[in-house]
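Number of protein chains: 2
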Amino acid sequence: MDEIDLKIVSTLQKDARISLKKLADICFISAPAVSTRLSHLEERGIINNYQTAIDYKVLGFPIKAYVSLRLSPTDKEAFYPYIKSVGNVISCDCVTGSYSQIITCYFKSTKSLDNFINDIQRFGETKTQIVFSTSVDPRPLELNPGKNYF
Amino acid sequence: MDEIDLKIVSTLQKDARISLKKLADICFISAPAVSTRLSHLEERGIINNYQTAIDYKVLGFPIKAYVSLRLSPTDKEAFYPYIKSVGNVISCDCVTGSYSQIITCYFKSTKSLDNFINDIQRFGETKTQIVFSTSVDPRPLELNPGKNYF
DNA sequence: TTTTTAAATCAATCTCATCCATGTGAATCC
DNA sequence: GGATTCACATGGATGAGATTGATTTAAAAA
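Protein chains in written order, with full-length UniProt numbering: chain W, 1 to 150; chain F, 1 to 150.
Right under this line is the structure:
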């Protein structure tokens, strides 16, 4: 994980479809060299996958919500496979604080969000925060040390 | 936005680096046809960008946190440009409930997270939830109607 | 019916990715 | 010190993929 790897990763973060040749030009190494480095980054799990950021509103999912869940420890085994299987959920984290899980999800309507909440209430108490507007769209983390304030 | 566009979008979501040729095979149309459709999807803003999912732990950002902020309406104008400028922040949403903003962010240490929280407290009261573990990693939304429960 | 438009195909060209043989420099061992 | 090894980079060749332009088709508008 040297300077060049960092350059590859940070460039790919912003444009996952860039060609190896352009990456090679940016990094001042040959295209085959970029190719082997990329493979290693994937093998080592530093690069997990390549995703496309979509406007979910246009595709019929205008409702984004953060659902917090007070999950009792005994239900964890049942909860994890369940939450993975729900296609509306794009992330789920176990966190500190009084609510143990934060679920980020998208829905076609408030009604289907309501159905979801009713369904997961068997795992514990919930709190739902619906998104009005987004000021920072899901974006890559800034890796350049100079540009991070903290 | 027909069946083929949906197929293109949902395929790209899972693998943004797939070749146009493979996309063409999957959609049963020619490669140039995929190319023009892709351009249109980008122009219309349905596809925003292509991102690479990185293991931030390995790159020195082991701390993920959700920071909730009770932002007073008068401070909004100052807050939005500020929060955009912080490279540690990967998303920020205005939500319903007693806290008006949910900020998702990554840090090198709890100390730098602490610095960040101290900094944004000038905008209002905060609540921080640090991520212990992740059961559903940031993933694309399931667009196939058959696979969505809600 | 005719015209227009949008979008597809095909063939040709050009760009790009990959493979393989070769070369280079740093660390290790005799 | 000189030889060996290993990791990694390069360069050229080959094959795969992207793009362009000309043409065709089909559906909607006049």
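Note that the Cβ used here is the ideal one computed from N, Cα and C, for glycine as well.
Beta-carbon separation (whole angstroms), residue i vs residue j, contact threshold 8 angstroms
i: residue 126(W); j: residue 68(W); result: 7 angstroms
i: residue 95(W); j: residue 102(W); result: 5 angstroms
i: residue 5(W); j: residue 46(F); result: So it is not a contact: roughly 32 angstroms between Cβ atoms.
i: residue 130(W); j: residue 63(W); result: 7 angstroms
i: residue 143(F); j: residue 113(W); result: In fact, because the Cβ distance is near 17 angstroms, the residues do not count as touching under 8 angstroms.
Residue i at chain F interface by Cβ criterion, 8 angstroms
i: residue 124(W); result: no
i: residue 135(W); result: yes
i: residue 116(W); result: yes
i: residue 96(W); result: yes
i: residue 129(W); result: yes
Neighbour-count burial assignment, residue i, 16 or more Cβ in a 10 Å radius
i: residue 93(W); result: buried
i: residue 28(F); result: exposed
i: residue 109(F); result: exposed
i: residue 107(W); result: buried
i: residue 37(F); result: buried
i: residue 14(F); result: exposed
i: residue 87(F); result: buried
i: residue 74(F); result: exposed
i: residue 121(W); result: exposed
i: residue 65(F); result: buried
i: residue 116(F); result: buried
i: residue 100(W); result: buried
i: residue 150(W); result: buried
i: residue 61(F); result: buried
8 angstroms Cβ cutoff, residue i in contact with chain W
i: residue 120(F); result: no
Spatial neighbours of residue i in its chain, beta-carbon cut-off 6 angstroms, leaving aside the 5 residues before and after
i: residue 16(W); result: 50
Beta-carbon contacts of residue i that lie in its chain and below 8 angstroms, excluding the five residues immediately before and after
i: residue 72(W); result: 123 and 124
i: residue 141(W); result: 13
i: residue 53(F); result: 137 and 138
i: residue 34(W); result: 8, 20, 23, 24 and 27
i: residue 98(W); result: 70
i: residue 41(W); result: 5, 8, 9 and 47
i: residue 128(W); result: 65, 66, 67, 68, 113 and 117
Close Cβ partners of residue i (< 7 angstroms) along its chain, the five nearest in sequence each way excluded
i: residue 11(W); result: 18, 23 and 26
i: residue 156(F); result: Given that chain F is displayed from residue 1 to residue 150, the structure contains no residue 156(F) and the question cannot be resolved.
i: residue 21(F); result: 31
i: residue 156(F); result: The structure shown does not extend to residue 156(F), since chain F is modelled only from 1 to 150, so the question has no answer here.
Relative to chain W, which residues along the UniProt domain "HTH asnC-type" (1-62) of chain F have a C-beta separation below 7 angstroms, given in chain order? 9, 12, 13, 15, 16, 17, 45, 46, 47, 48, 49, 50, 51, 52, 53, 54, 55, 56, 58, 59 and 61
Using a Cβ cut-off of 7 angstroms, which residues of the stretch 68-92 of chain F contact any Cβ in chain W, in chain order? 80, 83, 84, 86, 87, 88, 89, 90, 91 and 92
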